[in-house]
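Below is one structure, written out as structure tokens, with a few remarks after it.
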């Protein structure tokens, strides 16, 4: 299955359970281990776990077994590794703290901080 089709499956799985602030980041030029990262916010630990479970179930139903699932025991931040796509489902405060969008969108020519 190609990454675009898998992306559609993941986005539908997240949308099914009302994930918030879904962002897709193309990291092909920045990462050797995945092509895309999808980041979504859940409103509670229970929703974060449910969103990650739904992504896992929908991908399995499409023939893609997750390589790994991390963080499901706590539920603040659950990572679902689907190979071509890594899905991060996080509580809002965890997402604000780690700022993955900022981390993965920095180009090689830009400094990592704002200090001069």
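In our numbering, the protein residues as written are 3 to 118. The C-beta atom is built at its ideal place from N, Cα and C for all residues, glycine as well.
Expected contact under 8 Å - CB spacing of residue 80 and residue 50 to nearest Å: 6 Å
Whole-number beta carbon distance between residue 25 and residue 9, since they are thought to touch under 8 Å: Not a contact, Cβ separation roughly 12 Å.
Would you be able to state if there are at least three C-beta pairs under 8 Å between the segment 58–76 and the segment 30–43? no
Reference residue 82, options 4, 17, 22 and 53, closest by Cα: 53
Could you spell out where the alpha helix (DSSP H) holding residue 13 opens and where it closes? Boundaries of the alpha helix (DSSP H) harbouring residue 13: 5–18, taken from the DSSP string.
Spatially closest choice to residue 15 from 63, 99, 104 and 107, by CA coordinates: 63
So, helix, strand or coil for residue 114, using DSSP? For residue 114, the predicted model reports a pLDDT of 42, less than 50, meaning its position is unreliable and no value from the coordinates is stated.
Other residues of its chain near residue 3: CB distance less than 7 Å, five sequence neighbours each side excluded: 64, 65 and 66
In whole angstroms, give me the CA-to-CA distance for residue 78 and residue 92. 6 Å
On the CB-based measure, 16 or more other CB atoms within 10 Å of its CB, does residue 94 come out buried or exposed? exposed
On a CA-only basis, which of 75, 19 and 86 is nearest residue 33? Give me that one, please. 86
Spatially closest choice to residue 74 from 46, 98 and 99, by CA coordinates: Of 46, 98 and 99, the residue nearest in Cα terms is 46.
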